[in-house]
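> Here the sequence shown stands for residues 66 to 153, numbered as in the numbering used here.
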Amino acid sequence: MPRVTIVGSGTVLAQVGQTLLEVCDEHSIRMDTACGGFAACNSCRVAVVSGELSPVDEAETPFLDRPDQRLGCQARVQGDVVVQRDPG
66 MPRVTIVGSG
76 TVLAQVGQTL
86 LEVCDEHSIR
96 MDTACGGFAA
106 CNSCRVAVVS
116 GELSPVDEAE
126 TPFLDRPDQR
136 LGCQARVQGD
146 VVVQRDPG
């Protein structure tokens, strides 16, 4: 099982294919989501420090300002990953 580290909140285990938002919800880690996880806002945006996530989805592209950013509701865990909340 991949390890997901949210800087400042700890490390948890995840299933391959889960979104970062799903992982946080499952482990009671706070991740904002104004749109409910439908890629319609940027409140769940994170900065990827390292690791393996799914490719950037077309729906999240308008909300990303830098190449290291992802939306937690769209980025799917592929392997160990370290992210930091990005109020950006």
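We put the beta carbon where it would ideally sit given N, CA and C, even for glycine.
These numbers were taken from a predicted model, which means no experiment stands behind them.
Which one of Gln80, Gly144, Phe128 and His92 has the shortest CA to CA distance from Val111?
Your numbering for residue 111 matches position 46 in the sequence shown. Answer by Cα proximity: Phe128.
> Around the Cβ of Glu80, are there at least 16 other Cβ atoms within 10 angstroms (buried) or fewer (exposed)?
Numbered from 1 along the sequence shown, position 15 holds the residue referred to as residue 80. Sequence inspection shows Gln at residue 80; the Glu mentioned does not correspond to that position. Exposed.
> Let me know the secondary structure DSSP gives Val69 once reduced to three states.
The sequence position of residue 69 within the sequence shown is 4, counting from 1. Residue state, collapsed to three classes: strand.
> Let me check one thing: in DSSP terms, what residues is Ala112 bridge-paired to?
If you number the sequence shown from 1, residue 112 lands on position 47. Answer by DSSP bridge pairing, in chain order: Gln134 and Gln149.
> Thinking just about the alpha-carbon of each residue, which of Val113, Asp122, Gln139 and Gln83 is nearest to the one in Arg131?
Working through the sequence shown from its first residue, we reach residue 131 at position 66. That would be Val113, whose Cα lies nearest to the Cα of Arg131.
> When burial is assigned at 16 or more other CB atoms within 10 Å of the CB, is Arg150 buried or exposed?
In the sequence shown, the residue the question calls residue 150 occupies position 85. Buried, since its Cβ has 16 or more Cβ neighbours within 10 Å.
> Can you give the beta carbon distance from Val6 to Val147, rounded, assuming they're within the 8 Å contact cut?
There is no way to answer for residue 6, as the model of the chain reaches only from 66 to 153.
> Which residue or residues does DSSP assign as beta-bridge partners of Val142?
As a position in the sequence shown, residue 142 is number 77, starting the count at 1. Bridge partners of Val142: Leu118.
> Give a yes or no on whether the minimum CB-CB distance between Glu125 and chain C is below 9 Å.
This model lacks chain C altogether, as it is built from one protein chain only.
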